[in-house]
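This report refers to the structure that appears directly beneath it.
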């Protein structure tokens, strides 16, 4: 009974405690704490006891070293420390144990990966790229989030889990950015492309790789809806900018952004599709033939569009548009199907029976 | 077959998959459609000139037009809601007078003649039976009117057009246009609205629709809103305007519910659900005359009776509990009164009171029994009646109810907060059970049940604090 | 098939698997599945066949509505299961998984495929997929009245010949063609009509070669499997469910 009396008193006193403006102060404070936590969550990691983070630091370092050595650059501690946002002191400590474990060796101030270290690095890259593939095929995460999610996942999956994932995904060879996935034995096929920068005017090519780091540049590229597999035609290029055409849109990128896009020239069997545009550009009264679905449309979304009959060679027309022009109803095979414009962006078409009288 | 053989087979399959390329699925579907086109061409006979779907096109142009699309939609929905609320009044009254006024006394007399002990009689007839009778008489008629009308529109082909019209609106909050339909269904009954989310074939948007369906003010909550709005808000102005003001208040609560649907849909799609797969494709089928009798039959069986049965299963034990807490005494106080006193401080903190909180705890099976429970608990708490504790009732006139609530210490703030809390609280147990059935996930069921209560406490708390700033 | 010699008209359905799928076949002579695209009037056909003798529930462990009912014809009790309406059996949505598993593992005695007569090209996508899995099917050309109103008729003899299964014209809402459908289904169930279903031919040459290669291997491992070619296609498409079923040995019986 005493307990119940005390509680009653407490509840009764609460309203006065939270009177007037205090409540707003309280919520503002809560909000600020939340944003601070969110912003610095990466730094907060290093507050954890060292033994919990040693594995992930080791693996991050290995991956970084692998990329550096394959890119022929000289390595030093400071650079690694900055790249990984880990204090130099801690990196040094990890390097000691990595040397003891035979993952790296240090000579003349240079760090080199041993064979074991290289294989370890490749196994981490394998998980990273497989997970990105998984995210692209089986989940609805936005592609700007894939990299960060895979960055966390690569330290968590065991060897068995990785292989099960590999099987579930149907043993893929490339990740969604076009990078090859190393095999379980640590082999990696290399399909080398050239940067889109510096390709002569008038060339037609196909995008084979889009680098997803740094994120700010990657966001700029995906904003233009460029994707692996898309055809491009260079219109003009100078030292600062490059202008090219892709899927009926003219795109201008600064050289620094464009250098993260890699292309190969089209081979003899692939012809650059001149009139290839996105379905979203079809307007009322126009007819079109579908040329295909962009490789950017994956997983359940792609299968659904195919099942509904959005396949190569299908004739379709736009029947009517919803309020705000979105979604739009298309008629194909005598059926009305409504698609949102961001889906229609994935469907590549060629306009047929160009009807001039209807365009105003 | 040996495991090794299976492994061999799978290895061969993936080897060939590497050769055939990663887009075999495309090849397969293209191949099937090529065959389909070939066969269709051979067998389709066009009789004379093709007859384009002129009527359908014209109808579609009107029903999806910028100018008429929305007004028609709102008109149709208003008619359905009006028919449901008005049309349910009469049969509800009939059922109530049969179960509560006619059958209840007979059962009581019968029980005393048989010689049932008072506690068993009270427990079974005043507790379990009354709760069941109440639930049936208030739930059955509106559902039996609402669902068939909804199904008829669905079969006619109008509902996909509604989804089409509203998709751009729902897309902004990360939801599917078809959520407009499940949301409207929720105005009939949240449990049925949750079942109706099956029409959304995209996993993420379906979860959003399930979790936010509770923000649709369901049939069981409209009477609460109307009663409280009449007593507390309508009373603010002269009698001639009171009905109008009260109606405006109730409509605003319903609109607030829609607002919360959008807000929470948006937040969910940006946070918890951002990893779920999302696909959108909406077939707009040709308009077809619905099959009246089959529709009536199936919507009655599939939707109404199933929901009603679930509600009854949950209402029976609740009736028992309500009776028990009113009739078990500790230190000369009933359990109900002890809990009410205990919860009062907490309730006042949110501008509510102990009676309301306890009513919402025990009336979890159905929103319909909240008001009767509140009235019963208020009377018991004020010690106005000695006998007949644990018997739910409704008063003949709004004035009497108002007098009782004022005697229970209710103010305008209590009224407003009760209206808000009635919109923003946990779904009824029937809906919770249905959410579990539809998601098969305790995690999402728990989330969908707890999130609205937290939101409800937050909102009533803020309203109370702001109120105190000015008083 | 050895059963054919021992009993010409015995039910061929897999009652053990059906029980797992939540269907009790004890009181039925034949199990009939009803498949088709959404919006083809499937439930109208279902109602026309069963009348009020039906009940609805869910597929076990799933949130997909299942209707089942029955009717009698010539002293045989037919059990009718309404499968979810789908556009295809190739994706991995819950609906498609249920429809596919029912036909693949439950092995209904007859599968009725409902088709919207005015849109057969689009509907044939599903029909051709079903015919890869089962060889006991009847095509029901529903909504015939609507098609004729829009000046479209179907040459059902040619269609039947092309697909290798019986084709029945229907207008379920007007109860037209239902009795013919019932007797045709019965004939297929009794094996008085033997279907020779169409098999997909339109694949590209290299893809066709891969399918054949894998198909050969499957037939070597599982002699007598009627849908080995379809399984080969699913394996090439890395269908995780089919791979799992292979590992579990779900294809061994029958």
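Protein chains in written order, with this note's numbering: chain A, 1 to 360; chain B, 1 to 471; chain C, 1 to 254.
Just so it is clear, CB atoms sit at the ideal spot from N, CA and C, and this is done for glycine as well.
Model, not experiment: these values are computed from the prediction.
State yes or no: is the C-beta of residue i within less than 8 Å of the C-beta of residue j?
i: residue 200 (chain C); j: residue 220 (chain B); result: no
i: residue 47 (chain B); j: residue 151 (chain C); result: yes
i: residue 310 (chain A); j: residue 293 (chain A); result: yes
i: residue 208 (chain B); j: residue 269 (chain B); result: yes
i: residue 130 (chain A); j: residue 146 (chain A); result: no
i: residue 141 (chain B); j: residue 285 (chain B); result: no
i: residue 99 (chain C); j: residue 35 (chain C); result: yes
i: residue 45 (chain C); j: residue 109 (chain C); result: no
i: residue 278 (chain A); j: residue 234 (chain A); result: no
i: residue 191 (chain B); j: residue 431 (chain B); result: yes
i: residue 371 (chain B); j: residue 227 (chain B); result: yes
i: residue 230 (chain C); j: residue 132 (chain C); result: yes
Using 10 angstroms around the beta-carbon of residue i, count the other beta-carbons present and answer buried if the total reaches 16, otherwise exposed.
i: residue 355 (chain A); result: With a pLDDT of 45 at residue 355 (chain A), under the threshold of 50, the predicted position of this residue should be treated as unreliable, and no value is reported.
i: residue 451 (chain B); result: buried
i: residue 217 (chain A); result: buried
i: residue 81 (chain C); result: buried
i: residue 387 (chain B); result: Model confidence at residue 387 (chain B) stands at a pLDDT of 42, short of 50, so the residue's coordinates are unreliable; what they give is reported in the following sentence. Classification of residue 387 (chain B): exposed, given that the 10 Å Cβ count is below 16.
i: residue 79 (chain A); result: exposed
i: residue 327 (chain A); result: buried
i: residue 152 (chain A); result: exposed
i: residue 18 (chain C); result: buried
i: residue 48 (chain C); result: buried
i: residue 93 (chain B); result: exposed
i: residue 125 (chain C); result: buried
i: residue 285 (chain A); result: exposed
i: residue 184 (chain A); result: exposed
i: residue 67 (chain A); result: exposed
i: residue 72 (chain A); result: Unreliable placement is indicated for residue 72 (chain A), whose pLDDT of 47 sits below 50; the coordinate value is still reported in the next sentence. Label assigned to residue 72 (chain A): exposed.
i: residue 119 (chain B); result: exposed
Nearest by alpha-carbon distance to residue i: which of the options is it?
i: residue 221 (chain A); options: A:229, A:230, A:231, A:210; result: A:210
i: residue 127 (chain B); options: B:138, B:214, B:108, B:39; result: B:108
i: residue 165 (chain B); options: B:60, B:222, B:185, B:104; result: B:60
i: residue 115 (chain C); options: C:196, C:154, C:104; result: C:154
i: residue 262 (chain A); options: A:342, A:323, A:198; result: A:198
i: residue 173 (chain C); options: B:155, B:133, B:176; result: B:155
Please state whether DSSP places residue i in a helix, a strand or coil.
i: residue 201 (chain B); result: coil
i: residue 178 (chain A); result: coil
i: residue 228 (chain A); result: coil
i: residue 68 (chain C); result: strand
i: residue 227 (chain C); result: coil
i: residue 190 (chain C); result: coil
i: residue 363 (chain B); result: coil
i: residue 346 (chain A); result: coil
i: residue 482 (chain B); result: Shown here, chain B extends from 1 to 471; a query on residue 482 (chain B) therefore has no answer.
i: residue 259 (chain B); result: helix
i: residue 3 (chain B); result: helix
i: residue 242 (chain A); result: strand
i: residue 82 (chain C); result: strand
i: residue 361 (chain A); result: The shown model of chain A, from 1 to 360, leaves out residue 361 (chain A), and the question about it has no answer.
How far does the alpha helix (DSSP H) with residue i in it reach, from first residue to last?
i: residue 137 (chain A); result: 115-138
i: residue 462 (chain B); result: 442-470
i: residue 472 (chain B); result: No answer is possible for residue 472 (chain B): the residues shown for chain B start at 1 and end at 471.
i: residue 433 (chain B); result: 429-439
i: residue 257 (chain A); result: 255-258
i: residue 101 (chain C); result: 94-101
With respect to 7 Å, is the separation between the Cβ of residue i and the closest non-hydrogen atom of the ligand MG below this value?
i: residue 128 (chain C); result: Inclusion of the ligand MG in the displayed structure is not the case, the ligand content being empty and no account of it being possible.
Note the first and the last residue of the continuous beta strand (DSSP E) segment covering residue i.
i: residue 212 (chain C); result: That residue, residue 212 (chain C), is in no beta strand (DSSP E); its alpha helix (DSSP H) goes 205-221.
i: residue 107 (chain A); result: 104-107
i: residue 320 (chain A); result: 315-321
i: residue 116 (chain C); result: 110-116
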